[in-house]
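Engineer: So that you can map any letter, position 178 of the sequence shown is 178 in full-length UniProt numbering, and since no number is skipped, the others follow by simple counting. We treat Cβ as the ideally placed atom computed from N, Cα and C, and that holds for glycine. Before I ask anything, let me first share the structure, which is written out below as structure tokens.
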Amino acid sequence: MSEKNDGANRDAKRSARERLQVEREREKKREKRRRTIVVASAVVGVLGLAAVVGLIAANTKKGDSSAAGGPVTAPSGATGKDALAIQAGKPEAKSTLTVWEDFRCPACKAFETNYRDTVHELEAKGLLKVDYHLVTLIDGNMGGSGSLKGANAAACAQDAGKFPAYHDVLFENQPQETDDAYGNNAKLLELAGKVDGLVTPEFRKCVEDGIHNSWVNKSYEAFRAGKFRGTPAVLLNGKDIFADQANPVTPQKLKEQVEAAAKGSGGGDAAASPSASPSASASASHSASPSAAAKGSKTSGSGSSSGSSSASSSAVAKSSATSAGSRAGSAGAAKGAGEE
1 MSEKNDGANR DAKRSARERL QVEREREKKR EKRRRTIVVA SAVVGVLGLA AVVGLIAANT
61 KKGDSSAAGG PVTAPSGATG KDALAIQAGK PEAKSTLTVW EDFRCPACKA FETNYRDTVH
121 ELEAKGLLKV DYHLVTLIDG NMGGSGSLKG ANAAACAQDA GKFPAYHDVL FENQPQETDD
181 AYGNNAKLLE LAGKVDGLVT PEFRKCVEDG IHNSWVNKSY EAFRAGKFRG TPAVLLNGKD
241 IFADQANPVT PQKLKEQVEA AAKGSGGGDA AASPSASPSA SASASHSASP SAAAKGSKTS
301 GSGSSSGSSS ASSSAVAKSS ATSAGSRAGS AGAAKGAGEE
């Protein structure tokens, strides 16, 4: 009887050990599965985070590409320091008009409306060349991307040898300052249709891809470094034509001074050295209405402003000077030019 009990006890103990061993094996398997799930979840989480970060980075890069991303690609024939100027007129011309402009800037349009015919006449005679610097002041002040995309499209037009005509078309069709119409490439391409032979597959691609965006932004950096008070900033042979608000350079005076410089007389006060520091110049701020400046002349079209009477030219100058003076001291202009 005792042996039977001992055998039963041994069997019971063996059975208990076996059950414990089986349970331990099960627990090991459960723990292994649990670790696998935890590791898998962690991997999924890391991958998910990487995907989100990648998406953010991709979106950021997309934003940069439309604003400042990519290499600095200067348009064909760009000149000056860092190739930041687009030159119109004959390179051998004795006088140089340096113009810093924003295609969304109403004061820039007023300047173009009043002085365009005279400038083109002097260019055609080989007496004046114009260095255009394109900036994005209004984009920073008002939001949007029309200044940038308009400038890029103009640079694309330079590649096609059509910059002067397209430059004028953009100012002639300028939207209201608060309307970012030029932020739409389709609008820029539509206006390009007004320039014979401009709309080609190459031009379209250049506009849509923002080929010159980084170049435009570099130009704006140079504008800010120059400490101009606003746009347009206009210098004749290095001297701000609106510096003396009581006696500004009217279209007629501009013509006279350029012609005098060509004859070797130096053109009076306008004969300042081209190397004069731009930081000393002041100009009309973009923020004021162009209506006052526009009163001095009729809408530009054919013919040259030299045909207008001296009284008319004086009126244009006074209105331009009023525009320049009233805006140059404004806080908005100071902010836009150097504190943006």
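Going by other Cβ atoms of all chains shown within 10 Å of its Cβ, with 16 needed for buried, is Lys205 buried or exposed?
Structural biologist: Locating residue 205 in the sequence shown gives position 205, counting from the first residue. It is exposed - the Cβ of Lys205 has fewer than 16 other Cβ atoms within 10 Å.
Engineer: For a minimum of 3 consecutive residues, which ranges assigned as the beta strand (DSSP E) are wholly contained in the stretch 196–259?
Structural biologist: Correct list: 233–236.
Engineer: Can you tell me whether DSSP reads Glu27 as helix, strand or coil?
Structural biologist: In the sequence shown, counting from the first residue as 1, residue 27 sits at position 27. Looking at Glu27 - three-state DSSP - the assignment turns out to be helix.
Engineer: Who are the near neighbours of Ile56 in its chain, counting only those whose CB is closer than 8 Å to its CB and skipping five residues on each side?
Structural biologist: To locate residue 56, count along the sequence shown from 1; it is residue 56. Low local confidence applies: a pLDDT of 30 at Ile56 is under 50, so the model's placement there is unreliable, with the coordinate-based value given in what follows. So no residue of the chain qualifies.
Engineer: Confirm, please, whether the CB-CB distance from Val207 to Ala153 is below 7 Å.
Structural biologist: Counting from one through the sequence shown, the residue named residue 153 turns up at place 153. Counting from one through the sequence shown, the residue named residue 207 turns up at place 207. Their beta carbons are under 7 Å apart, which means Ala153 touches Val207 by this criterion.
Engineer: Have a look at Pro251 and Thr98 and give me their C-alpha separation to the nearest angstrom.
Structural biologist: The residue labelled residue 251 in the question sits at position 251 within the sequence shown. The residue labelled residue 98 in the question sits at position 98 within the sequence shown. Spanning the two alpha carbons is a distance of roughly 15 Å.
Engineer: With 16 as the cutoff for other CB atoms within 10 Å, does Leu127 come out buried or exposed?
Structural biologist: To locate residue 127, count along the sequence shown from 1; it is residue 127. By the neighbour-count rule (16 or more Cβ atoms within 10 Å), Leu127 is buried.
Engineer: Since I believe Ala74 is in contact with Ala83 (beta carbons under 8 Å), could you give me their beta-carbon distance rounded to a whole number of angstroms?
Structural biologist: Numbered from its first residue, the sequence shown carries residue 83 at position 83. Numbered from its first residue, the sequence shown carries residue 74 at position 74. Yes, Ala83 and Ala74 are in contact; Cβ-Cβ is about 4 Å, under 8 Å.
Engineer: Are the beta-carbon atoms of Asp131 and Ala85 separated by less than 7 Å?
Structural biologist: To locate residue 131, count along the sequence shown from 1; it is residue 131. To locate residue 85, count along the sequence shown from 1; it is residue 85. Contact: yes.
Engineer: Measuring CA to CA, which of Val119, Gly70, Lys109 is closest to Val249?
Structural biologist: Here residue 249 corresponds to residue number 249 of the sequence shown, with the count starting at 1. If we check each option's Cα against that of Val249, Val119 comes out closest.
Engineer: Considering only their Cβ atoms, is the gap separating Val216 from Leu122 smaller than 7 Å?
Structural biologist: The residue you call residue 122 lines up with position 122 of the sequence shown. The residue you call residue 216 lines up with position 216 of the sequence shown. No, they are not a contact pair.
Engineer: When the Cα atoms are used, what is the spatial distance from Leu198 to Ala157?
Structural biologist: By one-based count along the sequence shown, residue 198 stands at place 198. By one-based count along the sequence shown, residue 157 stands at place 157. If I take the Cα positions, the gap works out to 7 Å.
Engineer: Compute the Euclidean distance between the alpha carbons of Thr178 and Ser214, then round it to the nearest angstrom.
Structural biologist: Working through the sequence shown from its first residue, we reach residue 178 at position 178. Working through the sequence shown from its first residue, we reach residue 214 at position 214. Using only the alpha carbons, I get a separation of about 24 Å.
Engineer: How about Ser76 and His133: do their beta carbons lie closer than 7 Å?
Structural biologist: Here residue 76 corresponds to residue number 76 of the sequence shown, with the count starting at 1. Here residue 133 corresponds to residue number 133 of the sequence shown, with the count starting at 1. In this structure, His133 does not lie closer than 7 Å to Ser76 by Cβ.
Engineer: Which residues mark the beginning and the end of the alpha helix (DSSP H) in which Asp168 is found?
Structural biologist: Counting from 1 along the sequence shown, the entry for residue 168 is found at position 168. Its alpha helix (DSSP H) spans residues 163–172.
Engineer: On the three-state DSSP scale, how would you describe Thr113?
Structural biologist: By one-based count along the sequence shown, residue 113 stands at place 113. Reduced to three states, the DSSP call for Thr113 is helix.
Engineer: Exposed or buried, Arg104, counting other C-beta atoms within 10 Å across all chains shown (16 or more means buried)?
Structural biologist: In the sequence shown, residue 104 corresponds to position 104, counting from 1. Arg104 should be labelled buried.
Engineer: Which of the three DSSP states, helix, strand or coil, is assigned to Asp119?
Structural biologist: Within the sequence shown, residue 119 is the residue found at index 119, counting from 1. For the sequence presented, residue 119 should be read as Val rather than Asp. The answer is helix: DSSP assigns Val119 an H, G or I state.
Engineer: So, using beta-carbon positions, are Gln174 and Lys109 closer together than 7 Å?
Structural biologist: In the sequence shown, residue 174 corresponds to position 174, counting from 1. In the sequence shown, residue 109 corresponds to position 109, counting from 1. Contact: yes.
Engineer: Using a threshold of 7 Å, state whether the C-beta atoms of Glu101 and Thr231 are closer than that.
Structural biologist: By one-based count along the sequence shown, residue 101 stands at place 101. By one-based count along the sequence shown, residue 231 stands at place 231. Cβ atoms of Glu101 and Thr231: closer than 7 Å.
Engineer: Report the partner residues of Leu97 according to the DSSP bridge assignment.
Structural biologist: Numbered from 1 along the sequence shown, position 97 holds the residue referred to as residue 97. BP columns for Leu97 point to Val130, Leu236.
Engineer: Closer than 7 Å by C-beta to Thr96: which residues in its own chain qualify, once you throw out the five before and the five after it? Chain order, please.
Structural biologist: Translated into the one-based positions of the sequence shown, residue 96 becomes position 96. These residues qualify, in order along the chain: Lys129, Asp131, Asn237, Pro274.
Engineer: Identify the continuous beta strand (DSSP E) that holds Gln176 and give its terminal residues.
Structural biologist: Taking the first residue of the sequence shown as position 1, residue 176 is located at position 176. Note, Gln176: premise wrong, no beta strand (DSSP E); not H, not E.
Engineer: Using DSSP's beta-bridge definition, name the partner residues of Ala88.
Structural biologist: Reading the sequence shown from its first residue, position 88 is the one you call residue 88. DSSP output for Ala88 lists Val130 as bridge partner(s).
Engineer: Taking just the CA atoms, how far does Asp168 sit from Ala337?
Structural biologist: The count along the sequence shown starts at 1 and reaches residue 337 at position 337. The count along the sequence shown starts at 1 and reaches residue 168 at position 168. Confidence in Ala337 is poor, its pLDDT being 34 and thus under 50, which makes the residue's placement too unreliable to answer from.
Engineer: Which value, in whole angstroms, describes the spacing of the CA atoms of Glu256 and Gln87?
Structural biologist: For the purposes of this step, residue 256 is identified with residue 256 of the sequence shown, where counting begins at 1. For the purposes of this step, residue 87 is identified with residue 87 of the sequence shown, where counting begins at 1. Their backbone Cα atoms lie some 22 Å apart in a straight line.
Engineer: Are the CB atoms of Tyr182 and Gly143 within a distance shorter than 7 Å?
Structural biologist: In the sequence shown, counting from the first residue as 1, residue 143 sits at position 143. In the sequence shown, counting from the first residue as 1, residue 182 sits at position 182. In this structure, Tyr182 does not lie closer than 7 Å to Gly143 by Cβ.
Engineer: So, using beta-carbon positions, are Val135 and Phe242 closer together than 7 Å?
Structural biologist: On the sequence shown, residue 135 is found 135 positions in, with the first residue counted as 1. On the sequence shown, residue 242 is found 242 positions in, with the first residue counted as 1. Cβ atoms of Val135 and Phe242: not closer than 7 Å.
Engineer: What first and last residue would you give for the alpha helix (DSSP H) that runs through Gly150?
Structural biologist: Start at 1 with the first residue of the sequence shown, and residue 150 comes out as number 150. Residues 146–159.
Engineer: Suppose the cutoff is 6 Å on Cβ atoms and the five residues either side in sequence are ignored; what does the same chain contact list for Gly70 look like?
Structural biologist: Residue mapping note: residue 70 aligns to position 70 of the sequence shown, counting from 1. Hits under 6 Å: Ser214.
Engineer: Go through its chain and collect everything with a Cβ distance to Ala192's Cβ below 6 Å, but skip five positions before and after it.
Structural biologist: If you number the sequence shown from 1, residue 192 lands on position 192. Answer for Ala192: Leu198, Val199, listed in chain order.
Engineer: Please state whether the Cβ-Cβ distance between His212 and Ala155 is less than 7 Å.
Structural biologist: In the sequence shown, the residue the question calls residue 212 occupies position 212. In the sequence shown, the residue the question calls residue 155 occupies position 155. Cβ atoms of His212 and Ala155: closer than 7 Å.
Engineer: What's the call for residue 428, buried or exposed, on a 16-neighbour Cβ count within 10 Å?
Structural biologist: Here the chain covers residues 1 to 340 and nothing more, so residue 428 does not appear.
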